[in-house]
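Peer 1: The opening position of the sequence shown corresponds to residue 32 in my numbering, with each subsequent residue numbered one higher. What follows is a structure written as structure tokens; I'll ask about it next.
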Amino acid sequence: MRAVLLGAPGAGKGTQSKILCERFGMAHIATGDLFRAEIGKKSPLGLKVQDYVQKGMLVPDSVVIELVASKLDASAQGWLLDGFPRTHEQAQALDKWLEQNGQKIDAVVLLSMKEDVVVRRLTSRRTCGGCGAVFNLDTRPPREEGKCDACGAALTQRNDDTEATVRKRLMVFNDLTAPLISYYKHAHDFYDVDGGRSPEAVTKELEGILGAAVKGA
Ligand code: AMP
């Protein structure tokens with residue numbers, strides 16, 4: 032199974048991808064998570080990208096493409112791309128990688144969501160610094176304020192989830208990533224899923240889509 036999950040920041044790509052990858056046994060390639068891990072380790076790659084990530088700007092294509100290509104090479108069991116591609120150049124690099132490796136994408140799914148809902152969702156998101164569990168102060172609050180239900184570690188707000196940076200990230204999405212929707216609509220099996228519903232309802236629809244794609248492959 033090879034799939035791409037497109038959608039604005041906060042549309043639920045991360046939450047849904049984790050569930051789908053467990054269910055279908057493919058690798059979860061989430062460029063934002065990879066960058067945050069490198070920034071946390073203060074590795075050379077982390078130091079190179081941290082300014083971009085903190086300001087809500089896109090990391091240069093050449094850096095992202097090299098990172099993703101190495102992950103694709105290592106994921107023979109299939110993969111789900113979460114947060115990549117985000118520009119036309121990245122989409123073309125992915126097509127080139129697929130061609131060179133004799134592979135194809137089974138499904139491209141867009142998680143659609145209204146902008147005001149995205150802003151509210153992201154500014155109330157909190158992440159566990161210990162195990163990475165994600166909470167939401169409105170819809171999925173922790174049992175004890177500021178503490179992870181699963182491991183008890185402190186919850187923090189991603190520093191790119193402040194309202195000003197969220198608005199910047201949405202502008203970047205609208206300018207650079209949204210045009211990819213028509214690119215994929217014409218070339219691949221494309222599905223538009225309403226991400227504004229409960230996470231469970233969205234998961235059910237996505238499982239149906241990917242399940243059918245597996246059977247049809
Ligand atoms: P995310 O967790 O997907 O919202 O990504 C967080 C940040 O990582 C983005 O705002 C960008 O700075 C960077 N990033 C993640 N994926 C990409 C990508 N495909 N291209 C460029 N920058 C990216």
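For every residue, glycine included, the Cβ atom is placed at its ideal position computed from N, Cα and C.
Buried or exposed: H59, going by 16 or more other Cβ atoms within 10 Å of its Cβ?
Peer 2: The residue in question, H59, is buried, as its Cβ has 16 or more Cβ neighbours within 10 Å.
Peer 1: Does ligand 1 have a heavy atom nearer than 8 Å to the CB of R152?
Peer 2: R152 Cβ: outside cutoff for every heavy atom of ligand 1.
Peer 1: Whole-angstrom Cβ separation of L241 and Q47, contact assumed at under 8 Å?
Peer 2: Not quite, the Cβ-Cβ distance comes to about 10 Å (not below 8 Å), so this is no contact.
Peer 1: Are the CB atoms of L186 and R151 within a distance shorter than 9 Å?
Peer 2: No, the Cβ-Cβ distance between R151 and L186 is not below 9 Å.
Peer 1: Give the C-beta separation of Y114 and K178 to the nearest angstrom, bearing in mind that I take them to be a contact with Cβ-Cβ under 8 Å.
Peer 2: Looking at the sequence provided, one finds Gly at residue 114 rather than Tyr. With 8 Å as the limit, G114 and K178 do not qualify as a contact, their Cβ atoms being about 28 Å apart.
Peer 1: Note down the Cα distance separating L207 from V94, rounded to an integer number of angstroms.
Peer 2: Each residue's Cα considered, the two are about 17 Å apart.
Peer 1: Since F166 sits in a beta bridge, which residues does DSSP pair it with?
Peer 2: DSSP output for F166 lists R157 as bridge partner(s).
Peer 1: Here's the rule I'm using: 16 or more other beta-carbon atoms within 10 Å means buried, otherwise exposed. How should T170 be labelled?
Peer 2: So T170 ends up on the exposed side.
Peer 1: Measure the Cβ-Cβ separation of L111 and R33 and say whether it is below 9 Å.
Peer 2: Cβ atoms of L111 and R33: closer than 9 Å.
Peer 1: Is P40 near V149, with beta carbons less than 9 Å apart?
Peer 2: In contact: P40 and V149 (Cβ atoms closer than 9 Å).
Peer 1: Rank V84, P230, V99 by C-alpha distance to the C-alpha of Q123 and give the top, closest one.
Peer 2: Of the candidates V84, P230, V99, the one whose C-alpha sits nearest the C-alpha of Q123 is V99.
Peer 1: Helix, strand or coil for R189, going by three-state DSSP, please let me know.
Peer 2: Reduced to three states, the DSSP call for R189 is coil.
Peer 1: What residues are listed by DSSP as bridge partners for D113?
Peer 2: D113 is bridged to L36, A61.
Peer 1: Given Y83, which residues of its chain have a CB within under 6 Å of its CB, disregarding the five upstream and five downstream residues?
Peer 2: Excluding sequence neighbours, Y83 sits near V90.
Peer 1: Which first and last residues belong to the beta strand (DSSP E) in which R225 is found?
Peer 2: This sequence places Asp at residue 225; Arg is not what is there. Start and end: 221-225.
Peer 1: In three-state DSSP terms, what is A107?
Peer 2: A107 falls in the coil class under three-state DSSP.
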